[in-house]
Each structure stands twice: as C-alpha cells, then as structure tokens.
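K.L.:
Mind looking over this structure? Questions follow.
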Amino acid sequence: MTFSLGEYQDIFLEEADELLQELNKNVLELERNPDDEEIINNIFRAAHSLKSSAAFVGLNDLSDLAHRLENLLQGIRDKTNVVTPDVVDVIFKCFDMISEVIELVASGVEPHQDLKPLQERINEVNELSRKEKLGDYKPERKQPPKEIVKTTFTSSEVSSLKEALAQGKDVIEATITIEPSAQMKWVKSQLISTNLERIGDILKIFPSLEEMSADSNINVFKIVIITDSQAEQVYKNCDIDQIEKIELRRITTVKKDGKEAIKLGAPIEIELTKSFANGNNENREQSYASASSNSYSFTDDSDSSSGDEDSDINIFERRKNDLPVDHDRRKTPMLKTVKVSIDKLDLLLNNVGELVIANSGFYRLYEELRKYSNNKTLITEFKNRMEQMSRIAKDLQTGIMKTRMVPIGQVFSRFNRLVRDLAREHKKNVELIIKGEDTELDKKVIDVIGEPLLHLIRNAVDHGVEPAEERVKLGKPEVATITLNAYQGGNQIFVEISDDGRGLDVDAIKKKVIEKNLATPEALANMDDSDIYNFIFIPGFSTAKVITDISGRGVGMNVVKEIVNELNGTVSIETEKGMGTRFILTFPLTLAIIPAIMVKVRREVYAIPLSDVIETIKISNTDIATIEGHEVINLRGEILSLLRLNEFIGIKSALKPDDKIPVVVVGFGNRKIGLIVDSLEGKMEIVIKSLEQNYTTVEGLAGASILGDGSICLILDIQTMINRVISQQEKLSQEEREKLIADRLVDSADYEDMEEEDYSSMSKLDKQFAAEELKLQSEKPNYISDVIVFDDEKNIEEEKEALAEDEELSEEKIQDNEEMAPSVSSQVSSGDEKIEEDEEIEEKVKGALSEFKEELKQNIARSLSIGDFDSHIGDELGISKEDINDFSIISNIGAANAAESLSKILSKRIDLSIPEVRFTPVEKIPDFLGGLNEPYIGVMLGIEGEMNGTLLLLLKEQTGFDLIDMLYGYKNQSTKELSEDGISALKELTNIIGSSILNVYAEKSNMIVKPNVPVFVHDFLQAVIDSVLVMHNIEHDYAVVMETAFFFEDEQIIGNLMLLPETESLKLLVKGFKSNV
Amino acid sequence: MDLNKVIKNAKTSEIQDIGASEQSAENVEIQLVSFMLDDVEYGVDILQVHEILRYPEITRLPNTPKFIKGVINLRGNVIPVVDVRIRFGFPKGKITDLTRIIVVETSGKQVGLLVDNVYQVVRIPLANVDPPSELITGVSEDFITGIGRFQDRLIVILNMSLSILLEDSEVAKTIN
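Going down the list, the sequences are from chains L and P. As numbered in our numbering, residues 470 to 1546 make up the first sequence, in order. As numbered in our numbering, residues 13 to 188 make up the second sequence, in order.
Written out as structure tokens, the structure reads:
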C-alpha cells in the first residue's frame, strides 16, 4: 500500500515544487541584495503558501518547518534580523529538506524525515542573526554608498558654462549610479565619459577617474556636459551595462540679486520608448521582452511528478509575473507560455505530415487537369492555390518542429544555486554569469544536458578557479566568473562553459599521461596541445592531487563525453594557462530528423542512418571471397565481412550475377561490415517514428519513417545487424568447424589482411580506444578469433600427431635439409593442397622434427659447455650489456602499457613487469624452464613487418590455469583444465601484451613491427617449442627470454615471454634501439 | 470496457455489483463489428474499433512472425497489421475489393486486423452471449471471448488482448 495524501496530493506536489523553485531563486537574489524588500516579501509569501498547503494535506511537520522559516523571514522583513550567510544556508537546508519530503510523497512513500534538528537550527540562527547580537554586522557584499559631493564649479568652469549657455547650448549634469556589484567601476565612468565626448564637451567629472579607481566603493559619480544634443541622447550615452540609475538635470543661469547664478534644474524626464530598446541595455528589458515573444515552453507531462524541467518552466514564468512591474531593475513583461505534452505535439506533427502528403495528391490532379482541360486561367489559378497550400503546410510543419525546441535557460538557471553552494563549500568567490538562455535546443538534449554541464561546472569551481587570495596575487579580479553561454550557429547549437581560472595544465596532463602509460613522451612531444587536452576524457584520468567530494575522480569528463556523443554532439576545449578554460559542446539543431542513406532491395526501401555509414562502394561478384562460409571482401587491405541485406530481411535480391554490387560500409564501434543492397537511392532527411509505440521492437530495425508519398520506409539498426553477423559467424564456426577442418585449410595470407590495422599510424588516443575495444572482443569473440580457434585445434592436433609419430620413429628418417624448409612452410600456409600432397608433407615434417630434435640435443650439450652465454652472444650478435639493458627498459615500457590496458579491460589493477631479460640460444630455453616433458601452454604471436619472428608467451600448465583464474577473477585453483573461454582469455592476454610490447619496439626502433593473430598450443614443452619453430619456419638462433611477472592484489604469477626473432631482425632491432634511445 | 469481464459477470449474475449498470443482464447490449472468415462470422467489440480502412499500401516488416502482414501509415502513426487468417491458422486469403483493415485499439496500442470483409454491425443482448465452447470450429479458444447468438446466426466474439494479437505465443504455435 503506497502512501498518499489523498485527492489533493497531485495539486500539492505540483504547487510545492513550484514554490520551492521560486524560493530557491529568490533567496539567491536576497543574498545579493539583502535589503530588497520586494524579494523578502516574495520569499515570505512563498513560505507562507507552502506552510498552508502542507497543513492542508496533513504534512504537519512540514508545515511546522515552514512556519519556523516564516518566523525567521519575518525577522528579516521587520529588520530585526540580518541576512547573514548562515541565514541563507539554513534557508537552503530547509528547502532541501522540503524537497526530500516532497520527493518521498511523490514516489508514494510516507516521509519519515526528522525535522527537529533543522527546526532547532532555524531557531538558533534566528537568535544569532538578531541585529542587536550582531551589532554592526555588515553584509559582505553591501558597500556603503559614499556621500556625493555637491556640484561645485571653479570660476573658469563657470565662465565656460556661461559661454556655452549664451551660445544656446544645453548644460546637463548627469548623476550616474553604478550597480554596487559591478567590477571596476571607474571603467564605467571612463566609458560613459568617452561616450559623452562624442556628443558634447565634458566640463567636469567628479569624483575624478583617479579617485574612483582608487576607491572601489564609489558607485555614484557626476558628469557635467555641454552639448547640442537632446537629453535623451545624453541618457542613451550614459546607459551602459551595469548602470543602476541615471539622473539628468539641466544647468541654467538665473539672475539673482543682479548677479548671474547657476541653477540646477529638476531631473529631466526621459521618454524611454523606441530609442531605448535598441540601446545597449541588454541585461534588462530587452532580454525579457524577447523571452516573452518566443519562449513557449513545452514539456512532457508524463513525468510531471519528478521532472525538474516542468517546475523550472513554471518558475520561469512565475518569477516574472510575481515581480512588481514597476520595480526599476526587474521590469518584466508577462511571459506567456503554454505547457503541451510531447505526445500532443507529435500528434500534431503527424497530422501536418499527412497534410503535406495529402497536398501532394493535388499535384497529380493538376497534371491530369492540364491534360484534359483547355481552360488556362483555371489551371493557373488551381496551380497557384495548390502551391500556396503546400507552402502553408510546410511552414506549419517546421513551426511544429520548432515547438520541440526548449530554451536552455531552464537548465542553466539550476546552476545558480549549485555554484553558490560549491563556491561557499570551497571557500571560493565565484559568480555565475548566464548568457543565451533563450537559445533553444531539442527537448531531448535539454533533458540530458544537465548532467554534463553539472560535471563541467563542478570541475570549474573545484579545479578551474583559484581561491580568492591566489587570484588577488595574480592580479585577477577577486571574484572568479564562470560563464554559461548558449548560441546557435548554422545547423548547430553551441553550449559553452568557461571560467577565468587556472586553465588546463598541459604539463600536468602530460605527466599523468606518461605516468599512466597512455602515451610515450616522444609521442606526446609530437602532439598538439588540443590532442593532449583530449586525454582528460579518458575514463579514470584525473590530474587532481586531492580527490574532493565533488570532483577529482576522473569520472566526470568521461561522462560528459559519453552523454554528448550520445546526442550526436561533440566536446572541444579551449584553454590557456592562467587565463581560463572554455568547454564547447556542440549539438545538432534537432534530433527528430536525421539524415539517412536510402537503399532498396527489390521494391522495399530501407533507410540507414548516415551516422552509421562509413562509405558506399561498388564491387563485382568476383571480389567476394569466402572464409569459413562467410562472404568477405578485401577493402583496401582490410577484410570486411559482408551481409546481404536481402537475406537479412528475407527476400530475394533483384541483382543479376553480372551487376555491379552496391555495398554500404557501415560501422558501429570499431566493427564494420559491408551491407549488400540492390541499389542506392540517395540521401534523405527522415523523421524517426518508433515501432514500439503500436507494436514492439523488431530485431534489426531502429524504427520507421514516413516518406513524402505517405509510404513507410524502415530504418535499419546497424548495431544489431553487426552483432548478428558476428554471432552467426560464431555459430557457424562452431557447427561446421570439423567439416571445415576436413575440407580445407585457411590460407594464412588471410590472417595478414585481417590484422592489417596499422598501429603505428594510429594516434595515441586511438590506440587507447583500440585497447578499450579489445574488451569487447574478449567478451564476445569476433570473427578473427573464431578463425584462430579453428586453426589452433588443427595445429594442436597436428602437433600431437607429429609428436607421437616423432617419438615412434625417433631418429631413423633423415631427409634432405634443403627440401625440408620449404615443404614445412607449404604445409602450413597453403590450404588448398590435395590430401595426397598433405601426406607427403607430413612425412617431411616428421623428418624435420626428428632432425631438429637431434640437433637440439647436440646444441644443448654444446651450450652447456660454453659457460658465459652473454659474451658468446655478444660476439655473435654485436650486442653489449648496455644493449641488453636498453632492451629490458623498452620491454618494460611495453609491459607497463599492457598492464594499463589489461587493468582497464578487467577493471582491476593488474601489474606486469619484466624483471629480467636474457639473450640466449634457442636450445638453452629448456634449461631456464625445466623439463622438456612437462606440460606447457604457449601462445604464439607471429611478428611481421620489417622484423620476422615470433613472440611466445610460455607458461607452465598450472601457471596458465592460475592466470586464467586471475583474469576471470575465479577463486584460486578453480581452473583444472582448459576450456574454450580459458583459451580465448590467454590468447587475448597475449594479444594485448604482445601488441603493447611490439608497439614499443616499433616506436623505439623506427621499424615497422606488427603482431599477427595469436595461436594457442598446449603440450609438452618440447612440442610447444617445436611447434613455434615449425609454424614460423624461421631459424631462431637466439631467443630473448623475458621473465614476466603478473601481479594482481597479493598474487604473483610468473611466466615467460620470449621473443624468437630471426637473427638478422634481432640485430636490426637492437641497432634501431641504439640509434633512437 | 472489458468485454471479458462483462460477460463473465453477466453469467454469474454479479452485474448488479458493478455500480453503474443497475439493469439486469437481459437489458445490457453489446455491439459488434462482424466479419466473415470462410463460413464463420466473427465479431469485434465496437468500443475497441478505431476505424475501418480499405486495403492500403502495407510495408512488410522483416524478422517478425508470419501473421504480421506489415505496417501501415495511419495519419502519421506507424501501426502493425495482423493478418487474421494466418493468425487463426486459416490458409492465406486473397486481397479483393472487399478486403478491409479493422483498426482496433487495445492496451493503448493501435493494431490493424486484415480481414476478408466487414460484414455488419450487430447488437446482441448480453444474455445471448455464451462462454467459449468447444463447438466452434477453426479458432483456438484463446482467441475467443464468447459466442453471440444473433437471430439465427452465431458470432464468434474475439479476444482483442494485445498479447493474443501480436505475440508469437505458444497458442499461435500450436495452431500453426
């Protein structure tokens, strides 16, 4: 049973919400102008209303709270209490409490808040803020107005004055009052005097500019001007920003006692009519006037119980209505708004759409009419009317579209309170300036833009602006400003948040980037500052030294970016150290209409959102290759899976075999596929309609749209289509794996294309994101790993077979050495060989293996006798100890990068280090590792590019299992055998570590080094090593053995990473390091 | 009004409890829009019928059950059309001049029913409505709310619940 206040609940909730919003606004105002009775009265009134309505619905505690609040306000109104920050705080606390209660009631829960402490606090504050107690307390912002010096003239001034009057000129004295809160008041007086010099001669200014600049408390000054112009002109020139009051008096001379005396006239009444409106009085009347003329606010009434927006709008209108019309600073015309639910609007939009379509029917009629009738005048008249109607219909359509647009002011205004609270909490002096609140955005954007703005504003207050003392030291105004601005430019809306604080610290970001191994110092050096700023959007990135309760965790900026991207927007940063930071969010004008590419299959038209389309290409049937039953094409060296749209939607294609095939390359995330369609029909702006509204979601469809002729076209959901392709491939590869293994081998050349992604050409940031994407891959293996799975099994089977045979045959068969090498490679790489050939090859492999084994035995014996390996290697390769040291450092950078990626992907802290790097002859490997007949797990990563070889992660079987436990977060010792998941985890792990390390190698050696796909081997050590050598058919004379330690929490797992390069490649690599380090 | 409930109530003579309808079951009438499917007459509660359309252009909806004929544009709203013949397990029909789409509103959604024809609007006293019985040919009981006797005809009153109409439920599978 939910709690309810009875039939008046809804009315109460709505009203209370409105009242609260109004109170919040007014109290902020009060803090600024503690003596403004009008504001106090407004607050008083609202608190009183709240009290009565709470009592009415039976929320007596709330009513009591409001009553005490009223008491406190009463004191302020009667001037027995003073508005201190404490008072304002306690008032806000009350509001928060009341909000909480209201929220609970709205969600059907009985409020249980204990209001006693707050009530006591009110009483306490009430007592403390009594005037008599505070004595001569002066509110901080209030400056005592200085006594204005009476106008006095020197004799020379008097004579020039008289002269001017004699010439029939006007002499006007302007008394100008600057708003007390205005900064640098003397600038105002300077501005005004410059303005006035244009229309006359200034006789006198006092206090003088020097005096004013010396004393910031002077906010009233006088200017005497001799002019031909009208008083209105003078007024206009005085009326600049932040001027509170302008009083003009005419100075004349009168005969008095035979002497000419100077007389100051009565204040001149200025008719502030048309001439006023085009002045520069932006902050006042004008903005309200324009707000009233076009600010229609619409909200979705479905969420009225919880929606801030709704009440914000009400406040927007109410605040303006409530304020006295004749109050000189807040003269506000009535703002007329209507609340309309989005549903109603959509209905209207639908009908107007129909009108446009129905109207198009007239065009057909007109064509008919022209054929059959000779009455030219009638036809022309018909055409004119028809066109007029179509214009009106279209105007109506755009008009209704526009009503979806809501002014951003309602979002902005929420931050007044936030900034105040944050600033107080952080003991900073911050002023929030809001501009462009009339700029309209799509309701959808308005609904979610609050959160990113909130993060940005928090950041600005917490990190952006400096404490007052620091600002003063830097010569900045003591009060920091944060500006929210919104404006439209072209088809986009810009929302800016700027502060005049420290600015982003590029060096701190760089430091953090290096610390977090997001990029190398070298890479950073080549980056623009703007690229570097973008690092702050990476999750978990924060340069804050101290994490405060509001920011510093490095989450906010990531959220900002995500939300803005979701709305098809972008974020950019402008910043200058010491000057401030500006974040610019850009959004498309409307989300209801999207551009799309129209495609056709037979007679059915489908729309693909343009945001998902990468390119469109035409291919011919011969370009299509088949891998594992999936159609693919080679698109500029990249393997692109194809999906035939006609198959997806279940109809036959109209394409003939010889036709050029149109392919739309679509992407989601980092995945892309090619969509085969019958024809491309061009680009169109479409209105999205949901299918859920009357039916349900349909797989593969994002919605529908109604075309100009009234027909429906369906909008494709690219994300699910891509997912489906991937899952189908998965299914297929599992089902048909055995069949496929029997049928044919995959051409290894295909792997190369699949891993074509050129890491070295990617920017650092892209790499970061690419690393993130790996996460997706590990969660749901994509087609690349499927291919590998199948390949591995084949390999493992083969190796086992080979090994078994090997053991049987032992050292009997000896084959020709020269013949051996090429035949081994062809066995692996050429997939379409006939079975007879395969048998022949197998024979050779057996031979090769026994040969190798024999050699190995000899080598082991030899190297054991050698003794000092390092020097031996050094001689052979020309490598010094320093080189090995460099190698170790560089490898560790790679390991750290890998650890970072791993930690991110697994969302737990994993560390990786390579404590020792050893160069050793391949034959010596077993010595480091233990028995040749122990079971081992190996994951091989072929290396390509300017370096040939293999990177091998070699783990004892149990270590491999432990690692799987660690990666999946299983309990210790829970993995007892290799599962599909375990294998894929280890492969991904190798992929990440290998890519990270090879990337660093590539960077440091200026070589092109690229990883291939990982291949998994689980066997006895001897067999694992054999398979590496056989697989890649490279004479690995030397191996670089890197003992690799994985740290996770208290666990430490040690494996071995081995680089098995071609000797030449190894030499080149070391040389490369030498010349670049 | 939920016809199901009304009928049930009428049968158990609890109708007096339903506040507004003080009259006896004899006096309560329901109105049905009826259509013929092969030889059987079916009825849809008129209160649920939004409008009746001639056969419009229907856009096929891929990846949906067979009985979803597609979607149509009803004054800017995209609404699904259920081919009643296929839904009820009848062989596919032909589109003729008489083919109509009965747009019904149920659970806040609009759904079009593709039928061979629209026959009549009939008034039947509730007393003449019997609960679904095994007698009736062709259609599974799940689709039926009751059977109305009108003059010498029997009208199968259809259950317009959304799940029955649109979901590819077990019901539909057993029929097909």
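Glycine is no exception: its CB is placed at the ideal position from the N, C-alpha and C atoms. Note that the structure is predicted; figures quoted are calculated from it, not measured.
1. At a CB-CB cut-off below 7 Å, which residues of chain L make contact with Arg87 (chain P)?
2. What does the Cβ neighbour count give for Gln490 (chain L), buried or exposed, with the cut at 16 atoms within 10 Å?
3. Here's the rule I'm using: 16 or more other beta-carbon atoms within 10 Å means buried, otherwise exposed. How should Asp911 (chain L) be labelled?
4. Residues of chain P with CB under 8 Å from Gly1169 (chain L), in chain order?
5. What residues of chain L sit near Thr71 (chain P), judged by a beta carbon separation below 9 Å?
6. Could you give the residue range of the beta strand (DSSP E) that holds Tyr956 (chain L)?
7. Can you list the alpha helix (DSSP H) stretches of 4 or more residues lying completely in the stretch 650-735 of chain L, in chain order?
8. Is the CB of Ser1196 (chain L) under 9 Å away from at least one CB in chain P?
9. Are Lys1069 (chain L) and Asp1186 (chain L) closer than 9 Å when you measure CB to CB?
10. Note down the Cα distance separating Lys979 (chain L) from Ile1005 (chain L), rounded to an integer number of angstroms.
11. Is there a Cβ from chain L that is less than 9 Å from the Cβ of Ile176 (chain P)?
12. Return helix, strand or coil for Asp911 (chain L), following the three-state DSSP convention.
13. Name the DSSP bridge partner or partners of Gly120 (chain P)?
14. Decide yes or no for the touch test of the stretch 988-1002 of chain L against the stretch 966-978 of chain L: beta carbon pairs closer than 8 Å, at least 3 of them.
15. In the DSSP assignment, find the beta strand (DSSP E) that holds Ala575 (chain L) and state where it starts and stops.
16. Might you give, ordered along the chain, the residues of its own chain that have their beta carbon closer than 6 Å to the beta carbon of Asp1092 (chain L), omitting 5 neighbours on each side?
17. What residues in the stretch 1103-1129 of chain L bring their beta carbon closer than 9 Å to a beta carbon of chain C?
18. For the stretch 1076-1104 of chain L, list the beta strand (DSSP E) runs that are entirely contained and at least 3 residues long, ordered along the chain.
19. Just the Cα atoms here: how many angstroms apart are Asp670 (chain L) and Lys654 (chain L)?
20. Thinking just about the alpha-carbon of each residue, which of L:Ile1477, L:Met1476 and L:Phe1430 is nearest to the one in Ala1454 (chain L)?
21. Classify Arg667 (chain L): buried if its beta carbon has 16 or more other beta carbons within 10 angstroms, exposed otherwise.
22. Would Ile869 (chain L) and Leu814 (chain L) be called neighbours here (beta carbons separated by less than 9 Å)?
23. Within 10 angstroms of the Cβ of Gln1491 (chain L), are there 16 or more other Cβ atoms? Answer buried if so, exposed if not.
24. Using a Cβ-Cβ distance cut-off of 9 Å, determine whether Gln43 (chain P) contacts chain L.
25. Which word fits Tyr1405 (chain L), buried or exposed, when buried means at least 16 other C-beta atoms lie within 10 angstroms of its C-beta?
26. To which residues of the same chain is Leu488 (chain L) closer than 7 Å at the C-beta, ignoring the five residues directly before and after it?
27. If we ignore side chains and look at the alpha-carbon of each, how far apart do Lys1269 (chain L) and Gly1411 (chain L) end up?
28. With DSSP collapsed to three states, give me the class of Lys1425 (chain L).
29. Check whether the stretch 948-955 of chain L touches the stretch 964-972 of chain L, counting contact only when three or more Cβ pairs, one atom from each stretch, lie closer than 8 Å.
30. Which of the three DSSP states is assigned to Asp931 (chain L) in this structure?
31. Quick check on the DSSP output: the beta strand (DSSP E) that includes Arg161 (chain P) runs from which residue to which?
32. Under the rule that 16 or more other beta-carbon atoms within 10 Å means buried, what is Ile45 (chain P), buried or exposed?
33. When the Cα of Arg1378 (chain L) is compared with those of L:Gly1438, L:Gly1407 and L:Pro1384, which residue comes out closest?
34. To the nearest angstrom, how far is the alpha carbon of Leu816 (chain L) from that of Ala1123 (chain L)?
35. Taking the straight line between their C-alpha atoms, what separation do you get for Leu818 (chain L) and Leu178 (chain P)?
36. If we call anything under 9 Å between Cβ atoms a contact, is Ala700 (chain L) one with Leu672 (chain L)?
P.N.:
In short, the structure shows the following:
1. Within the second sequence, the letter at position 75 stands for residue 87 (chain P). Simply Asn819, Asn820 and Glu823.
2. In the first sequence, counting from the first residue as 1, residue 490 (chain L) sits at position 21. Gln490 (chain L) should be labelled buried.
3. To locate residue 911 (chain L), count along the first sequence from 1; it is residue 442. Burial call: buried.
4. The sequence position of residue 1169 (chain L) within the first sequence is 700, counting from 1. Neighbours of Gly1169 (chain L) on chain P, chain order: Pro74 and Asn75.
5. Counted from its first residue, the second sequence places residue 71 (chain P) at position 59. Within 9 Å Cβ-Cβ: Glu1073, Val1074, Ala1173, Ser1180, Ile1181, Cys1182 and Leu1183.
6. Looking up residue 956 (chain L) in the first sequence gives position 487. Ala949 to Gly958 is the span of the beta strand (DSSP E), which, as asked, contains Tyr956 (chain L).
7. 654-666, 678-683 and 700-707
8. Here residue 1196 (chain L) corresponds to residue number 727 of the first sequence, with the count starting at 1. With 9 Å as the cut-off, Ser1196 (chain L) does not count as an interface residue toward chain P.
9. For this step, residue 1069 (chain L) is matched to residue 600 along the first sequence. For this step, residue 1186 (chain L) is matched to residue 717 along the first sequence. Result no, Cβ atoms of Lys1069 (chain L) and Asp1186 (chain L) do not sit closer than 9 Å.
10. Walking along the first sequence from the start, residue 979 (chain L) turns up at place 510. Walking along the first sequence from the start, residue 1005 (chain L) turns up at place 536. Spanning the two alpha carbons is a distance of roughly 10 Å.
11. Residue numbering aside, residue 176 (chain P) sits at position 164 when the second sequence is read from its first letter. No, Ile176 (chain P) lies away from the interface with chain L (no Cβ there is under 9 Å from its Cβ).
12. Sequence index remark: in the first sequence, residue 911 (chain L) carries index 442 (1-based). DSSP places Asp911 (chain L) in strand when its eight states are reduced to three.
13. To locate residue 120 (chain P), count along the second sequence from 1; it is residue 108. Answer is none; Gly120 (chain P) lacks a bridge partner.
14. yes
15. By one-based count along the first sequence, residue 575 (chain L) stands at place 106. Segment Pro554 to Ala575 is the alpha helix (DSSP H) holding Ala575 (chain L); no beta strand (DSSP E) there.
16. Start at 1 with the first residue of the first sequence, and residue 1092 (chain L) comes out as number 623. Cβ neighbours of Asp1092 (chain L) beyond the five flanking positions: Ile1102.
17. Annotation note: the requested chain C is absent from the structure, which comprises protein chains L and P.
18. 1082-1088, 1094-1096 and 1099-1104
19. Mapped onto the first sequence, residue 670 (chain L) falls at position 201. Mapped onto the first sequence, residue 654 (chain L) falls at position 185. The alpha-carbon atoms of Asp670 (chain L) and Lys654 (chain L) are separated by roughly 22 Å.
20. Walking along the first sequence from the start, residue 1454 (chain L) turns up at place 985. The option with the nearest alpha carbon to Ala1454 (chain L) is L:Phe1430.
21. The sequence position of residue 667 (chain L) within the first sequence is 198, counting from 1. By the 10 Å Cβ count, Arg667 (chain L) comes out exposed.
22. Locating residue 869 (chain L) in the first sequence gives position 400, counting from the first residue. Locating residue 814 (chain L) in the first sequence gives position 345, counting from the first residue. Their beta carbons are under 9 Å apart, which means Ile869 (chain L) touches Leu814 (chain L) by this criterion.
23. Reading the first sequence from its first residue, position 1022 is the one you call residue 1491 (chain L). So Gln1491 (chain L) counts as buried.
24. Working through the second sequence from its first residue, we reach residue 43 (chain P) at position 31. Output row for Gln43 (chain P): interface = no.
25. Numbered from 1 along the first sequence, position 936 holds the residue referred to as residue 1405 (chain L). Tyr1405 (chain L) should be labelled buried.
26. Locating residue 488 (chain L) in the first sequence gives position 19, counting from the first residue. Excluding positions up to five away in sequence, the list reads Ala515, Ser518 and Leu519.
27. Sequence index remark: in the first sequence, residue 1269 (chain L) carries index 800 (1-based). Sequence index remark: in the first sequence, residue 1411 (chain L) carries index 942 (1-based). For Lys1269 (chain L), the pLDDT reaches just 46, beneath the cut-off of 50, and the residue's location in the model is therefore unreliable, leaving the point undetermined.
28. Here residue 1425 (chain L) is taken as the residue at index 956 of the first sequence, counted from 1. Strand.
29. yes
30. Position 462 of the first sequence, counting from 1, holds the residue named residue 931 (chain L). Helix at Asp931 (chain L).
31. Taking the first residue of the second sequence as 1, we reach residue 161 (chain P) at position 149. Counting along the chain, the beta strand (DSSP E) containing Arg161 (chain P) begins and ends at Ile156 to Phe162.
32. Against the second sequence, residue 45 (chain P) aligns to sequence position 33. Rather than Ile, the amino acid found at residue 45 (chain P) in this sequence is Val. It counts as buried.
33. Residue mapping note: residue 1378 (chain L) aligns to position 909 of the first sequence, counting from 1. Of the listed residues, the one whose Cα sits closest to Arg1378 (chain L) is L:Gly1438.
34. Here the question's residue 816 (chain L) lines up with position 347 in the first sequence. Here the question's residue 1123 (chain L) lines up with position 654 in the first sequence. Each residue's Cα considered, the two are about 37 Å apart.
35. Taking the first sequence and counting its residues from 1, one reaches residue 818 (chain L) at position 349. Taking the second sequence and counting its residues from 1, one reaches residue 178 (chain P) at position 166. When rounded, the distance between both Cα atoms is 27 Å.
36. The residue you call residue 700 (chain L) lines up with position 231 of the first sequence. The residue you call residue 672 (chain L) lines up with position 203 of the first sequence. It is not a contact, given that the beta carbons lie outside the stated cut-off.
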